[in-house]
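Asker:
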Amino acid sequence: EAGPVDTRIQPSASSDVYKRPGGHMHIEGGKPRVLDTGMLRGHADVSPTVGYGGSLNAKNTDLFMARCHIEDNSSTRAGGSISLKRSIAHIEQSSVYSGTSTDGGGLFCIDTNLRLLGVVFKDNVASNDGGGLYTAGTGDVFVEQCHLVSNETHRNGAGMCVRMKRGRHEVIQSVFEQNFAGYSGAG
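Encoded structure:
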């Protein structure tokens, strides 16, 4: 059960666009739970180099997310749909569709302990690396019973790009199909 919530949430404007990190939600600290939620058409655009999390930007937090549908979000830098930094995150039984960004079209995480269980990443695009998801830095990453399909990147890792310095990275009972990488690692 989640503890007290010490969270800042910045909802989107009526146009579904919020020009700050986290198009729909920006969360710092605490143990927020996001359940049974749809986040559509968000955009993070602080500047061409600093737009994180078109739908959700979380840092220094312990996030639990379940049964969410995230679609058609974008950011100018990283995490077309979701960006996680220096956090603990557990995401399950959710879908991340049609996110676009420079790195991590669907999800971008750095220095984060991440567990994905039963998450579908579909039709996400990164102009650089990690069409479906991009993981970097330190932390343990577990991808279990996930489906990464029809994601695209112009460079490396259409389904998933891993650039971990320390920590474990495990993919368990997951499916990669019809992903396209312009350079290497279409899976």
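Numbering (the numbering used here), first residue to last: 212 to 398.
In this text, a Cβ means the ideal position worked out from N, Cα and C, and glycines have one as well.
Because the structure is a prediction, the values reported are computed rather than measured.
Do F391 and E363 have their beta-carbon atoms positioned less than 8 angstroms apart in this structure?
Answerer: Within the sequence shown, numbered from 1, the residue matching residue 363 stands at position 152. Within the sequence shown, numbered from 1, the residue matching residue 391 stands at position 180. Closer than 8 angstroms, so yes.
Asker: Exposed or buried, which one is N271 when buried takes at least 16 other CB atoms within 10 Å?
Answerer: Mapped onto the sequence shown, residue 271 falls at position 60. The residue in question, N271, is exposed, as its Cβ has fewer than 16 Cβ neighbours within 10 Å.
Asker: By Cβ distance, which residues of its chain are closer than 6 angstroms to C203, with the 5 residues on each side in sequence left out?
Answerer: Outside the shown range of the chain (212 to 398) lies residue 203, about which nothing can therefore be said.
Asker: Using only CA atoms, which one of N268, G262, F332 lies nearest to S385?
Answerer: Your numbering for residue 385 matches position 174 in the sequence shown. When each option's Cα is compared against that of S385, the closest is F332.
Asker: Reducing DSSP to helix, strand and coil, say where R377 ends up.
Answerer: Locating residue 377 in the sequence shown gives position 166, counting from the first residue. In this structure, R377 counts as strand in the three-state DSSP scheme.
Asker: I need the boundaries of the beta strand (DSSP E) containing K296, first residue and last residue.
Answerer: Counting from one through the sequence shown, the residue named residue 296 turns up at place 85. Here the beta strand (DSSP E) through K296 covers 293-296.
Asker: Assuming contact is defined by CB atoms lying nearer than 8 angstroms, are G265 and G290 in contact in what I supplied?
Answerer: Counting from 1 along the sequence shown, the entry for residue 265 is found at position 54. Counting from 1 along the sequence shown, the entry for residue 290 is found at position 79. Contact: yes.
Asker: Could you tell me the alpha carbon to alpha carbon distance between V360 and S309, rounded to whole angstroms?
Answerer: Residue numbering aside, residue 360 sits at position 149 when the sequence shown is read from its first letter. Residue numbering aside, residue 309 sits at position 98 when the sequence shown is read from its first letter. Their backbone Cα atoms lie some 11 angstroms apart in a straight line.
Asker: Looking at the strands, I want to know which residues DSSP matches up with Y263.
Answerer: Sequence index remark: in the sequence shown, residue 263 carries index 52 (1-based). Bridge partners of Y263: A289.
Asker: In three-state terms, what does DSSP make of V382?
Answerer: Start at 1 with the first residue of the sequence shown, and residue 382 comes out as number 171. Strand at V382.
Asker: Would you please verify whether the beta carbon of G291 is less than 8 angstroms from any beta carbon of chain C?
Answerer: Within the model displayed, chain C is absent; a lone protein chain is all it includes.
Asker: Could you pull out every residue in the same chain whose Cβ sits closer than 6 angstroms to the Cβ of M250, ignoring the five residues on either side in sequence?
Answerer: As a working note, residue 250 is residue 39 in the sequence shown. Correct list, in chain order: H235, S266, I281.
Asker: Count the other CB atoms, across all protein chains shown, that sit within 10 Å of the CB of T311; report buried if there are 16 or more and exposed otherwise.
Answerer: By one-based count along the sequence shown, residue 311 stands at place 100. Buried, since its Cβ has 16 or more Cβ neighbours within 10 Å.
Asker: Could you have a look at Y394 and say whether DSSP puts it in helix, strand or coil?
Answerer: Taking the first residue of the sequence shown as 1, we reach residue 394 at position 183. Coil at Y394, not helix or strand.
Asker: Between the Cα of T423 and the Cα atoms of C279, S285, D334, which residue gives the shortest distance?
Answerer: Coverage of the chain is limited to positions 212 through 398, which leaves residue 423 absent and any answer about it impossible.
Asker: If you reduce the DSSP assignment to three classes, tell me which class I321 lands in.
Answerer: Start at 1 with the first residue of the sequence shown, and residue 321 comes out as number 110. Strand, per DSSP.
Asker: Using the C-alpha atoms, what's the distance from R374 back to D334?
Answerer: Within the sequence shown, residue 334 is the residue found at index 123, counting from 1. Within the sequence shown, residue 374 is the residue found at index 163, counting from 1. Each residue's Cα considered, the two are about 22 angstroms apart.
Asker: Can you give me the Cβ contacts of Q304 inside the same chain, cut-off strictly under 6 angstroms, excluding the 5 residues immediately before and after it?
Answerer: As a first step, residue 304 must be located in the sequence shown, where it is residue number 93. Closer than 6 angstroms at the Cβ level, and outside the excluded window around Q304, lie A277, R278, G329.
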